[in-house]
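First the structure, in the form of structure tokens, and then the observations on it.
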Amino acid sequence: MKVTADRSRCMAAGHCAISAPAVFDHGEDGLVVVLDAEPGEDQRRAVEVAENLCPSRAIALLDASAAAPAQGAPPAG
Ligand code: SF4
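If you're matching positions, the sequence shown starts at 1 in full-length UniProt numbering and goes up one per residue.
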């Protein structure tokens, strides 16, 4: 999965770094910093919590599988 955080929307509320400290932190300005833009599946639940708690909807979780085009099965023959 891929994770993005829009610093232009961040209000420095801090929920993300508390919910998923392996993925998010704060810069010196207090705004979100993504530590790991492609975290493993073991971080999915924590990132989902951070995404849901973020009051400015700055965090987005993008499924890697959604970005890859599906391959069709070869015709049976
Ligand atoms: S939870 Fe949202 S508003 Fe708060 S620091 Fe993280 S990205 Fe910014």
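Ideal Cβ placement from N, Cα and C applies to all residues, glycine included. These numbers come from a predicted model, not from an experiment.
Open item on the list: I need the straight-line Cα distance from residue 14 to residue 41, nearest angstrom please.
Closed with: 22 Å
Open item on the list: Determine whether the beta carbon atoms of residue 7 and residue 32 lie at a separation below 9 Å.
Closed with: yes
TODO: Give the single residue among 1, 34, 62 and 21 whose Cα lies nearest to the Cα of residue 10.
DONE: 34
Open item on the list: Using a 10 Å radius around the Cβ and a threshold of 16 neighbouring Cβ atoms, would you call residue 39 buried or exposed?
Closed with: buried
TODO: Would you check whether the ligand SF4 has a heavy atom nearer than 8 Å to the C-beta of residue 53?
DONE: yes
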